[in-house]
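For the sequence shown, the residue numbers in this note's numbering are 1443 to 1725.
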Amino acid sequence: MTIPDITIVTPCLNPGKTLALCCQSIRDQKRVSVDHIVIDGGSTDGTVQWLRQQADIKWLCEPDEGMYDAVNKGLRMASAPVAAYLNSDEQYLPGALRTVVEKFADSPRDVLFADTVIVDESGHYVCSRQALTPLYYHTMLCELGTLTAATFFRTDALRRLDVWFDPTWKAAGDAVWVLQLMRKRAKMSSVRFYASSFTDTGHNLALSTTAREEMQRLRTMAPQWALWLKTGWRICHRLRRLLHGMYWPKPFAYQIYTPDASGSRKSFNVASPTFLWKSRLGG
C-alpha cells in the first residue's frame, strides 16, 4: 500500500455547500498524494449523503465533543508523514501541498506555518495574514498569530511528543495546542508563501463569546510577571512583523473556488494588499 505524502483532516457539522469547495481545493493539488479524511459530527443538511458519493475521501460520521475532538479522531487515522487540518469553509491554494511537502523534506522542522489570504464569503480579498513563528507569552496573553488553515506538522511529532488537541477547549484549542508544542520544544518555523484561504464570515468561532472567555481563561494561567509584561509581548510581536515587512505586503494573485463558480477556481488579483484585518484589531 502506497503511503500518501500528506493527510488533511476536515472536521465539519452541517457545513452546507462550503465543504464541496474545500474538498475540491484539496482534490486538485498537483504532484502530491493526499489522504483526505472528513470527520462529521452528525450533519443533517445532506452532507453525509454527499460524502457517500465521494470515492476519494475517507469519512466518519458520529457524535463528538466538538471540533477538536473531531480533529483528533482524524489525525489518529492519519497515515502520511505530514498532516494538517482544514475547516470546511477554508481552502488550499494551487500548489500549496506540494510546496509544504518539499519544505518538510528540506528541514527537520516539526511544525510549519505559512501565510493565508483572508476572503469574504464571495471569495473577494479582505486582507493578508502572514505568519511568524509564535512566541510563548504573546500567544498566551494576546493571541495566536497564526491560522490553522496554513499550519502543517509531522504526524510522528504528534505521537513522539504526545501533543493532541484538547477537546475541553471549544474555541481557543489552537492556541493551547501550540503552547503545548512549545513546552515540548517542538521545532517550528514559518515560510513566506500563501498556502490557503480563510473565509471571514463575520461570525467565525474566534469572534464568539466562547473564544473571548477562553482567551481570558488562558491569560489567567500565565505567571504574574508575564502579565505585567503583556504590553511588551505585544510590542515585540509587532516589531517582529515590522522587521519582516509584514505591514507592506506585496501585490499578488490567488485562485479559489467560489459559490458562484464552483466548477473551477476563480482568480483574484490584489493590486493593493493590506495587513489590516478590520474585524480583528489585534496583532
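Ideal Cβ positions, reconstructed from N, Cα and C, are used throughout, including at glycine.
It should be emphasised that the depicted structure is a prediction, and the values quoted were computed from it without experimental measurement.
Worksheet entry | Residues of its chain near Gln1471, where Cβ-Cβ distance is below 6 Å and the 5 sequence neighbours each way are ignored | Leu1539
Fill in: CA nearest to the CA of Arg1601, picked from Ala1628, Asn1456, Arg1634
Ala1628
Fill in: Buried or exposed by the 16-neighbour rule on C-beta atoms within 10 Å, applied to Ile1560
buried
Worksheet item: Where do the N-terminal and C-terminal ends of the beta strand (DSSP E) with Ala1637 fall, by residue?
Response: 1630–1641
Worksheet item: Based on Cα-Cα distance, which residue from Leu1660, Pro1715, Leu1685, Thr1643 lies nearest to Ser1721?
Response: Thr1643
Item to complete: Work out the CA separation of Asn1529 and Leu1647 for me, nearest whole Å.
Response: 11 Å
Item to complete: Report buried or exposed for Gly1565, applying the criterion of at least 16 other Cβ atoms within 10 angstroms of its Cβ.
Response: buried
Item to complete: Thinking Leu1455 and Gly1488 are a contact (beta carbons under 8 Å), I'd like their distance in whole angstroms, please.
Response: Not a contact, Cβ separation roughly 13 Å.
Discussion item. Which of the three DSSP states is assigned to Thr1449 in this structure?
Written reply: strand
Worksheet item: Cα separation between Tyr1696 and Pro1665?
Response: 42 Å
Worksheet item: Where DSSP assigns a beta bridge to Trp1735, which residues make up the other side?
Response: A query on residue 1735 cannot be resolved here, the shown segment of the chain reaching from 1443 to 1725 and no further.
Fill in: Ordered list of alpha helix (DSSP H) runs contained in the segment 1545–1594, each at least 4 residues
1578–1583
Item to complete: Starting from Ala1713, follow the beta strand (DSSP E) in both directions and report where the run begins and ends.
Response: Where Ala1713 is concerned, there is no enclosing beta strand (DSSP E), given that its DSSP letter is neither H nor E.
Item to complete: Work out the CA separation of Ile1481 and Trp1501 for me, nearest whole Å.
Response: 6 Å
Worksheet item: Considering only residues of the segment 1645–1711, which uninterrupted alpha helix (DSSP H) runs meet the minimum length of 4 residues and lie entirely inside it, listed in chain order?
Response: 1651–1661, 1666–1670, 1672–1685
Practice prompt. Pick helix, strand or coil for Gln1496, following the three-state DSSP scheme.
Written response: coil
Discussion item. Given this structure, state the Cα-to-Cα distance separating Asp1598 from Tyr1510, to the nearest angstrom.
Written reply: 19 Å
Item to complete: Within its chain, find whatever has a CB closer than 6 Å to the CB of Ala1526; leave out the 5 residues flanking it on each side and keep chain order.
Response: Ile1450, Phe1594
Worksheet item: How big is the Cα-Cα spacing for Gly1725 and Leu1649?
Response: Residue placement at Gly1725 is flagged as unreliable, the pLDDT there being 45, under the threshold of 50; a coordinate-derived value is accordingly withheld.
Worksheet item: Three or more C-beta pairs closer than 8 Å, one from the segment 1506–1524 and one from the segment 1462–1471: is that the case here?
Response: no
Worksheet item: Taking one C-beta from the segment 1545–1558 and one from the segment 1632–1642 each time, how about it: are there three or more such pairs within less than 8 Å?
Response: yes
Worksheet item: Out of curiosity, what's the CA-to-CA distance linking Ser1485 and Cys1503?
Response: 8 Å
Worksheet item: How about Glu1656 and Trp1611: do their beta carbons lie closer than 8 Å?
Response: yes
Item to complete: Could you tell me if Ser1467 is buried or exposed, where buried requires 16 or more neighbouring beta carbons within 10 angstroms of its beta carbon?
Response: buried
Practice prompt. Compute the Euclidean distance between the alpha carbons of Arg1518 and Ala1617, then round it to the nearest angstrom.
Written response: 20 Å
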